[in-house]
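To start, the structure under review is shown below, and the notes come after it.
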Amino acid sequence: MNQAKKIKLLYIDDEVNNLNSFKASFRFDYNVLLAASPAEAMQILAQHDDISVILSDQRMPDQTGVEFFEEVRQIYPNPVRILITGFTDIESVISAVNRGHIFRYLKKPWSDVDLQSAIEEANKFYVTSAMLHQKNEELQKAYTELDKFAYSATHDMRGPIMSVLGIISIAKDTKDKAEVDEMLDMMEKAMMKLDNYIQSLHDYYNIRRGGMQLTNIDLNGIVKDLHDIFDVTSRVDNVKFNAVVVQNERFRSDETSIKIILNNLLSNAFKYQRKDIDNKEVNLHLEIKQDNLEIVVSDNGIGIPNDSLGHIFNMFYRAASHEFGSGFGLYNVKDALGKINGKIEVVESKVNEGTVFKVIIPRK
Amino acid sequence: MNDEKLHFIVIDDSKLDCFIADKIIQNTGRSASIHTFQQPADALLHIKNNAAISTTIVFVDIQMPVMNGFEFVEAFETLPEDIRKPYIIYMLSSSINENDITRVRRYPSVKQFLNKPLSGKTMTMVLEDYNASSAS
Numbered sequence: 227m228n229q230a231k232k233i234k235l236l237y238i239d240d241e242v243n244n245l246n247s248f249k250a251s252f253r254f255d256y257n258v259l260l261a262a263s264p265a266e267a268m269q270i271l272a273q274h275d276d277i278s279v280i281l282s283d284q285r286m287p288d289q290t291g292v293e294f295f296e297e298v299r300q301i302y303p304n305p306v307r308i309l310i311t312g313f314t315d316i317e318s319v320i321s322a323v324n325r326g327h328i329f330r331y332l333k334k335p336w337s338d339v340d341l342q343s344a345i346e347e348a349n350k351f352y353v354t355s356a357m358l359h360q361k362n363e364e365l366q367k368a369y370t371e372l373d374k375f376a377y378s379a380t381h382d383m384r385g386p387i388m389s390v391l392g393i394i395s396i397a398k399d400t401k402d403k404a405e406v407d408e409m410l411d412m413m414e415k416a417m418m419k420l421d422n423y424i425q426s427l428h429d430y431y432n433i434r435r436g437g438m439q440l441t442n443i444d445l446n447g448i449v450k451d452l453h454d455i456f457d458v459t460s461r462v463d464n465v466k467f468n469a470v471v472v473q474n475e476r477f478r479s480d481e482t483s484i485k486i487i488l489n490n491l492l493s494n495a496f497k498y499q500r501k502d503i504d505n506k507e508v509n510l511h512l513e514i515k516q517d518n519l520e521i522v523v524s525d526n527g528i529g530i531p532n533d534s535l536g537h538i539f540n541m542f543y544r545a546a547s548h549e550f551g552s553g554f555g556l557y558n559v560k561d562a563l564g565k566i567n568g569k570i571e572v573v574e575s576k577v578n579e580g581t582v583f584k585v586i587i588p589r590k
Numbered sequence: 005m006n007d008e009k010l011h012f013i014v015i016d017d018s019k020l021d022c023f024i025a026d027k028i029i030q031n032t033g034r035s036a037s038i039h040t041f042q043q044p045a046d047a048l049l050h051i052k053n054n055a056a057i058s059t060t061i062v063f064v065d066i067q068m069p070v071m072n073g074f075e076f077v078e079a080f081e082t083l084p085e086d087i088r089k090p091y092i093i094y095m096l097s098s099s100i101n102e103n104d105i106t107r108v109r110r111y112p113s114v115k116q117f118l119n120k121p122l123s124g125k126t127m128t129m130v131l132e133d134y135n136a137s138s139a140s
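Read top to bottom, the protein sequences are chains A and B.
So the working numbering is basically just the index in the first sequence, starting at one, shifted up by 226.
So the working numbering is basically just the index in the second sequence, starting at one, shifted up by 4.
In structure tokens:
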């Protein structure tokens with residue numbers, strides 16, 4: 227086992243002999259830190275945030291072990307505390323154990339076997355609590371998202387349905403065929419928006435719950451698919467789509483995640499165009515550079531206001547009052563990047579000049 | 005029967021919902037004018053620059069990007085009283101969210117919360133409420 231993975235212990239005792247014999251017994255199995263006083267121990271704790279077990283002598287001149295642990299617990303709640311003591315202090319020890327300050331106590335002089343087993347148990351407890359803490363944080367995040375989701379889902383899914391129902395009731399009383407046709411177009415758009423939203427939801431689910439499937443990524447193949455997807459938009463809205471691929475080596479990664487990232491970045495680039503210019507364009511550059519896939523998507527569209535840039539990756543955030551935004555796209559990009567260890571390297575944008583996204587994805 | 009003509013403003017980021025509101029209002033036969041805005045900021049500008057002389061009923065959607073319905077109302081409430089006076093504001097949403105409904109009550113300038121989409125029935129109710137309050 228290498229040094230970095232050893233369990234890190236801190237032992238506090240005012241008797242130097244004890245410190246030395248402790249270190250002699252355990253330095254091979256553990257990463258042992260020693261302190262001759264509670265004050266010194268506090269300094270060590272401040273420098274090492276990965277100590278998993280603290281062992282302390284009970285009888286020390288400045289402070290008893292129990293008092294020291296009460297203090298430590300306030301500041302560093304995570305390390306598991308073991309008290310080492312003679313029989314005489316038993317009353318204070320029992321009360322300390324009962325108040326939850328101490329995981330185990332051991333008699334002095336200790337047997338190495340007992341001490342080692344206590345340390346192992348304590349470490350297990352430490353690891354479990356740390357995991358529990360992490361799971362709790364994840365859960366908290368999931369709850370917050372669920373709240374946001376429930377709120378948005380009612381709006382974004384029910385909204386188009388309600389609108390179409392509204393239109394239907396108006397259309398029923400409309401005699402003019404041309405007017406009814408206009409309403410049909412509107413209904414179509416509303417349904418497409420809803421479908422779009424559900425598609426994003428599906429992506430969201432894929433990123434979250436779908437496993438990773440590592441394959442050799444064929445960038446040219448992906449670009450061909452992208453041309454198929456965006457061809458209609460490109461022609462209807464008169465936006466030039468330029469794609470460049472530089473792939474001289476193999477690249478392994480999760481294709482679904484990469485597609486979600488590209489789809490969302492490109493669909494934003496196509497969506498947020500300036501209506502009044504003739505040379506509308508979206509550029510895609512894909513290149514494998516030193517084991518990394520570099521994706522650059524740029525456009526000369528409406529751009530993102532400076533004060534919105536910090537929020538664009540948040541769920542349901544929409545920077546533009548554009549009708550088709552779901553507030554899901556870039557959130558999914560961020561999520562998918564997290565899954566394959568990629569990162570957003572650059573987001574540059576100027577209002578009415580355009581936006582550049584640069585994304586780096588490492589090889590798996 | 006009261007057939008006093010009223011002015012209407014509709015603020016909704018969805019073009020479709022603006023269209024629906026516009027039709028429904030037209031069908032009442034009570035509109036002197038109907039202005040629809042997809043961006044609340046534009047509606048605010050309109051309100052600031054065109055002093056309303058007679059009653060204007062405003063329908064504003066709650067969930068909109070950039071500036072939402074609540075932010076619109078907050079901005080509206082900072083305007084001078086003589087500008088605000090002719091306006092009656094209704095807030096609309098398609099999601100039935102208790103927090104939103106209670107929040108709507110906190111704004112003195114908002115008359116009521118309505119469910120989307122605006123229907124002929126809701127319009128009739130809105131107009132009856134106005135008739136009742138202007139008669140008394």
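Just so you know, even glycine gets a beta-carbon here, dropped at the ideal spot from N, CA and C.
Model, not experiment: these values are computed from the prediction.
Asked	Found
8 Å Cβ cutoff, residue 392/A in contact with chain B	yes
Enclosing beta strand (DSSP E) for residue 580/A [first to last residue]	580 to 588
Partner residues on chain B for residue 424/A, Cβ-Cβ distance less than 9 Å	Those do not exist, as residue 424/A stays about 16 Å from chain B at its closest Cβ, beyond 9 Å.
Where residue 507/A falls: helix, strand or coil (DSSP)	strand
Spatial neighbours of residue 440/A in its chain, beta-carbon cut-off 8 Å, leaving aside the 5 residues before and after	478, 479, 480 and 590
CA-to-CA distance, residue 369/A to residue 283/A, given in whole angstroms	43 Å
Identity of the residues DSSP links to residue 95/B by a beta bridge	64/B and 117/B
Helix, strand or coil at residue 259/A [DSSP, three-state]	strand
DSSP three-state assignment for residue 554/A, whether helix, strand or coil	coil
Counterpart residues of residue 466/A in DSSP-defined beta bridges	507/A
3 or more residues per run - each beta strand (DSSP E) lying fully within the region 20 to 77 of chain B	35 to 41 and 60 to 65
Residues in the region 81 to 101 of chain B having any Cβ partner in chain A nearer than 8 Å	97, 98, 99, 100 and 101
Cβ pair residue 69/B, residue 546/A closer than 8 Å	yes
Buried/exposed call for residue 345/A, threshold 16 Cβ in 10 Å	buried
Residue 122/B and residue 24/B closer than 8 Å at C-beta	yes
C-beta neighbour in chain A for residue 116/B, strict 8 Å	no
Cutoff 8 Å: residue 108/B Cβ touching any chain A Cβ	no
Close Cβ partners of residue 507/A (< 8 Å) along its chain, the five nearest in sequence each way excluded	465, 466, 467, 468, 525 and 526
Span separating the alpha-carbon of residue 442/A from that of residue 381/A	40 Å
CA-to-CA distance, residue 319/A to residue 269/A, given in whole angstroms	25 Å
Distance between residue 31/B and residue 532/A (C-alpha atoms, nearest Å)	43 Å
Cutoff 7 Å; reference residue 539/A; Cβ partners in own chain excluding five residues on either side	556, 557 and 560
Residues of its chain near residue 125/B, where Cβ-Cβ distance is below 7 Å and the 5 sequence neighbours each way are ignored	none
Contact set between residue 380/A and chain B, taken where Cβ atoms lie within less than 8 Å	98, 99, 100 and 101
Three-state secondary structure (DSSP) of residue 350/A	helix
Those runs of the beta strand (DSSP E) which lie wholly inside the region 468 to 504 of chain A and span at least 3 residues	478 to 480
Residue from 426/A, 488/A and 416/A with nearest C-alpha to residue 451/A	488/A
Contact set between the region 63 to 83 of chain B and chain A, restricted to residues whose Cβ is under 7 Å from the partner	67, 68, 69 and 70
Buried versus exposed call for residue 372/A [16 or more other C-beta atoms within 10 Å across all chains shown]	exposed
Under 9 Å from the C-beta of residue 580/A: neighbouring residues of chain B	By Cβ distance, chain B contributes nothing, its closest Cβ being about 19 Å from residue 580/A, past 9 Å.
Candidates 9/B, 53/B and 27/B, of which the one nearest residue 36/B by Cα	9/B
Residue range of the unbroken beta strand (DSSP E) whose run includes residue 280/A	279 to 283
Rounded C-alpha distance that separates residue 386/A from residue 426/A	16 Å
Sequence-distant residues of the same chain with beta carbon closer than 6 Å to residue 445/A, five excluded per side	471, 473 and 512
Nearest-angstrom beta carbon gap, residue 326/A and residue 311/A [assumed within contact, 8 Å]	Wrong, their Cβ atoms sit about 17 Å apart, outside the cutoff.
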